[in-house]
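Reading through the structure tokens given below for one structure.
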Amino acid sequence: MFEELSNKFDKVFSFIRGKGKVTEANIDEFLREVRRVLLDADVNYKVVKDFIQDVKNNVLSQNVFTSINPAQLIINTINSQLIKLMGEKRTDIHFSNNIPSVIMVVGLQGSGKTTFAAKLANYLRSKGRSPAMAACDVYRPAAIEQLISLGKQVNIPVYSDDSKDPLKIAQNASDYCRQNFKDTLIVDTAGRLAIDEEMMREVETLKAELNPTEILFVVDAMTGQDAVNTAKEFHNRLDYDGIILTKLDGDTRGGAALSIRAVVTKPIKFVGIGEKLDAIEPFYPDRMAGRIMGHGDLTSLVEKAAEILPQELDEKKLKKLEEKLNKNKFDFNDFLDQLQQIKKMGPLSQILSMIPGADKMLKGREVDEKPMKKVEAVITSMTFKERENPNILNGSRRRRIAAGSGTTIQDVNRVIKQFHEMQRMIKQMKKGKMNNFLKNFNIPNI
Amino acid sequence: MGFFDKLKQGLQKTHDNIFNKVNKLVYAKSEVDDDFLEQLEEILLGSDVGVQTTEILIENLKKRVKTDKYEYSNELNTLLKDELKKVFSEGNGQKTQVFKITKKPHVVMIVGVNGVGKTTSIGKLAHNYKNEGYSVMIAAADTFRAAANEQLETWAQRSGAEIIQLQQGSDPSAVVYNAINSAVANNHDVVIIDTAGRLHTKVNLMEELKKIKRVVQKILPEAPHETLLVIDATTGQNGLNQAKEFSKYIGLTGLILTKLDGTAKGGIVFRISNELKIPVKFIGVGEQINDLQVFDKESFVKALLED
């Protein structure tokens, strides 16, 4: 997410970091670069203009010329302005005391409304709600079938009928919820290729009659300058409660998020980050700004690890590993253990995107998980004795391992070499050379 | 006034036809000055043309003004149009070229990211080929998205094309294999392949596209005759990455620019044309079956400026 923006920021920042003192001309030059970065990221040009002006005023008012570390001052200012622009705090979804709480999903065609509806239902159920969905897009061919099919995949009921009347479908769905003890109804509405009067009137009627607790406006993260127009138009007519950003798993820089948030001042509530129905994440403005700035998102990573670690890594195991590390006895068993831990945390690319600096190495490319599998295969083809005592791995043993794991001797050699590198890194780490450790962490070669 | 208020005020103005603004701008000013160029820059940026291409366009315009000494509004208008047209490579084009079929079956592969209007464009494209008197078969190789088959079936019925499909979740290459074989056996003129929407950064899914292409070439070595990337007019600068990646994996012969009936201007095609030299072949201007038009840079630029 936002990797490229982070990269560009980094480039510009390293330029200003190289200067001890700055002049106003320096700042202007730097801000011109920042402007290009933001424009390239699809932030609306008017938003950019105001943002740059704001940063400049802010920086100048902080005695930047006499500051000991002007670069840091400017960077911090941009960071805090970015967070401000994206809405400082995380805002959750609201529910009403009435049954059901109605959540209406609106947006243009192709923004990902229907998929999001199913993802949200799935997510809310994991948070203890009992959701149902109403298929009210009666226009797009097969839209109702799509929602029904998605509902089946996550095992959440979808209400629809042949009435071709969105309001009637929604009302019946609401009755269905009351009869079947569903406390939350997610209403998927029709989208158009572009804003049109008919669609707007229809959603307005739905809003008036259903009295929804939440109206969520779905927008494609790849949208360009037009995003603010659509967002504003929907906002004027519906006064929605939150924004959903979809398709953020690509390499889009998602500048539209910044623009929309700034123009309609509604919070971004969720982001869609993949095709699978659990690929939905709450939106955290501060973390996202951190990502843009290239600081990585360590908070998310730690949380993710915390979800897995309690079951997987008991105290004893941890202690044992620590002891081994202290005695320089890190062997292939531990290596394999670590690999499997990492795998449990989710796709490698997702984990790496949260590590500061890692996205720079990735540059928006997807991480190939195959090499990891290969490493696993090689290790599991070793005998226990070999795993504990890698030094006995001679030519004939290596040949056998290659045959057993379906790899080549070169592959086996590479794994062994990597293992030794890792051992060396651990030694360095113990000496407190964390920086060297990170430098040696060459992802594509895992 | 706070930051947000300023911003809101700035965006209050309705975003009417962006190139209309150029027109007004041009007639209001009789000479090229910095103010004019700055306004022009905003207009181009605001329609997703992108920083780089905008800078190039403005530089070119400045140079032209210097050498050709165009100073008055109507001349400037012509000049601007000229520069905009220049960005489009040759091969943006004539109707006869677009529908020319050299060999039967003529295979057209449609690709793109999710939600850009691939399936709809295919329906319209099938209709166009039908109107030219060809028999059309559609291969429903989007076996991933829920209910994609049903949606395509509706479009096939509307356009009167035949359709080959397997159930959801089956191998898209298998659908394509069946379709091409059947088209050869039944002597069809055109085969249009619908593929599942995929983000261009997903290596596995891009490899899958490559495989589909390989399967096509197993039966017809010179196919696909056209590989068209569908781009949504609302797409921002990411459109360039899309075009780059799809091009890298399977090679593109052209673009279909959809959803041009909204407020979005599709300016990203200027950048794609300029940097990658991939021609725009069709534009989608509505939701009806005959709303797909052959792209013509003359009228595209003209319509944008004189609307």
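Taken in order, these protein sequences are the chains called A and B.
In this text, residue positions in the first sequence follow the working numbering: the first is 4, and each later residue adds one.
In this text, residue positions in the second sequence follow the working numbering: the first is 18, and each later residue adds one.
For every residue, glycine included, the Cβ atom is placed at its ideal position computed from N, Cα and C.
1) For PHE116 (chain B), verify whether its CB is less than 7 Å away from any heavy atom of the ligand NAD.
2) In the structure shown, what three-state DSSP assignment does GLN426 (chain A) receive?
3) Is the Cβ of TYR48 (chain A) closer than 8 Å to any Cβ of chain B?
4) How long is the line joining the alpha carbons of LYS235 (chain B) and GLU224 (chain B), rounded to whole angstroms?
5) So does the segment 137-150 of chain B actually touch the segment 255-265 of chain B, counting three or more Cβ pairs closer than 8 Å?
6) For PHE68 (chain A), which three-state DSSP category applies?
7) Can you give me the Cβ contacts of ILE263 (chain A) inside the same chain, cut-off strictly under 7 Å, excluding the 5 residues immediately before and after it?
8) With a threshold of 16 other CB atoms inside 10 Å of the CB of SER114 (chain A), please say whether the residue is buried or exposed.
9) Could you check where the alpha helix (DSSP H) with THR202 (chain A) kicks off and where it finishes?
10) Can you list, in chain order, the residues of its chain with a C-beta nearer than 8 Å to that of ASP188 (chain B)? Leave out the 5 residues immediately preceding and following it.
11) I'd like to know if the segment 200-210 of chain A and the segment 130-138 of chain A are in contact, where contact means that at least 3 CB-CB pairs between them fall below 8 Å.
12) Which stretch, first to last residue, makes up the beta strand (DSSP E) that contains ASP191 (chain A)?
13) Counting pairs of Cβ atoms below 8 Å between the segment 104-111 of chain A and the segment 141-159 of chain A, do you hit three or more?
14) Could you tell me if LYS388 (chain A) is buried or exposed, where buried requires 16 or more neighbouring beta carbons within 10 angstroms of its beta carbon?
15) Name the residue from B:LEU226, B:ARG231, B:ASN221 whose alpha carbon lies nearest to the alpha carbon of VAL128 (chain B).
16) Using only alpha-carbon positions, find the residue among B:ALA200, B:ILE248, B:LYS219 that is nearest to VAL233 (chain B).
17) Is the CB of GLU148 (chain A) under 8 Å away from at least one CB in chain B?
18) So is ARG427 (chain A) buried or exposed if we call it buried at 16+ other beta carbons inside 10 Å?
19) How would you label GLN149 (chain A), buried or exposed, when you count the other beta carbons within 10 angstroms and need 16 or more for buried?
20) Would you say LYS377 (chain A) and ASP414 (chain A) are within 8 Å of each other, going by their C-beta atoms?
21) Does THR160 (chain B) come within less than 8 Å of chain A when only Cβ atoms are used?
22) Any beta carbon of chain A sitting closer than 8 Å to that of HIS123 (chain B)?
23) Check whether the Cβ of GLU59 (chain B) lies closer than 8 Å to any Cβ atom in chain A.
24) Which residue or residues does DSSP assign as beta-bridge partners of VAL153 (chain B)?
25) Which of the three DSSP states, helix, strand or coil, is assigned to THR411 (chain A)?
26) Which value, in whole angstroms, describes the spacing of the CA atoms of THR251 (chain B) and LYS346 (chain A)?
27) What are the partner residues of LEU74 (chain B), as DSSP defines its beta bridges?
28) Would you say THR252 (chain B) lies against chain A (beta-carbon separation less than 8 Å)?
29) What are the partner residues of SER104 (chain A), as DSSP defines its beta bridges?
30) Determine the chain B residues that contact LYS377 (chain A) at a beta-carbon separation under 7 Å, and present them in chain order.
31) Interface residues of chain A around HIS217 (chain B) at Cβ under 8 Å?
32) What residue ranges within the segment 114-159 of chain A form continuous alpha helix (DSSP H) runs of no fewer than 4 residues, ordered along the chain?
33) Can you list the residues of chain A that GLN168 (chain B) reaches, using a CB-CB cut of under 9 Å?
With the structure as the only source:
1) Looking for the ligand NAD in the displayed structure turns up nothing, as the structure carries no ligands at all.
2) Look at GLN426 (chain A) here: in three-state DSSP terms it is helix.
3) For TYR48 (chain A), the answer is yes, since a Cβ of chain B falls inside 8 Å of its Cβ.
4) Between LYS235 (chain B) and GLU224 (chain B), the C-alpha separation is close to 17 Å.
5) Flag = no, the segment 137-150 of chain B and the segment 255-265 of chain B do not touch.
6) DSSP places PHE68 (chain A) in coil when its eight states are reduced to three.
7) Correct list, in chain order: VAL222, ALA230, VAL231, ALA234, ILE246.
8) The residue is buried, with at least 16 neighbouring Cβ atoms inside 10 Å.
9) Inspection of the sequence shows that residue 202 (chain A) is occupied by Met rather than by Thr. If you look at MET202 (chain A), you'll find it in the alpha helix (DSSP H) that goes 200-213.
10) Within its own chain, the residues whose Cβ lies closer than 8 Å to the Cβ of ASP188 (chain B), once the five positions on either side in sequence are excluded, are THR160, listed in chain order.
11) The segment 200-210 of chain A, when compared against the segment 130-138 of chain A, does not touch it at the 8 Å Cβ threshold.
12) ASP191 (chain A) -> beta strand (DSSP E) spans 187-191.
13) No: the two stretches stay apart, fewer than three of their Cβ pairs being nearer than 8 Å.
14) It counts as exposed.
15) For VAL128 (chain B), the closest C-alpha among the options B:LEU226, B:ARG231, B:ASN221 is that of B:LEU226.
16) Nearest option by C-alpha distance: B:ALA200.
17) It does; some Cβ of chain B falls within 8 Å.
18) So ARG427 (chain A) counts as exposed.
19) Buried is the call here.
20) Result yes, Cβ atoms of LYS377 (chain A) and ASP414 (chain A) sit closer than 8 Å.
21) Not an interface residue.
22) Not closer than 8 Å to any Cβ of chain A, the Cβ of HIS123 (chain B) fails to qualify, so no.
23) Contact of GLU59 (chain B) with chain A is assigned, a C-beta pair being separated by under 8 Å.
24) Beta-bridge pairing links VAL153 (chain B) to B:VAL207.
25) Coil at THR411 (chain A), not helix or strand.
26) Cα to Cα, the separation comes out at about 37 Å.
27) Paired residue(s): none; LEU74 (chain B) is not in a bridge.
28) Put simply, the CB of THR252 (chain B) is near chain A, with a gap under 8 Å to one of its CB atoms.
29) As computed with DSSP, SER104 (chain A) is found in a beta bridge with A:THR187.
30) Here the premise fails: no neighbours, minimum Cβ distance about 16 Å.
31) Simply GLY253, ASP254.
32) Segments of the alpha helix (DSSP H) lying fully in the segment 114-159 of chain A: 116-129, 146-157.
33) When 9 Å is used as the limit between beta carbons, GLN168 (chain B) is near these residues of chain A: ARG143, PRO144, ALA145, ALA146, GLU148, GLN149, in chain order.
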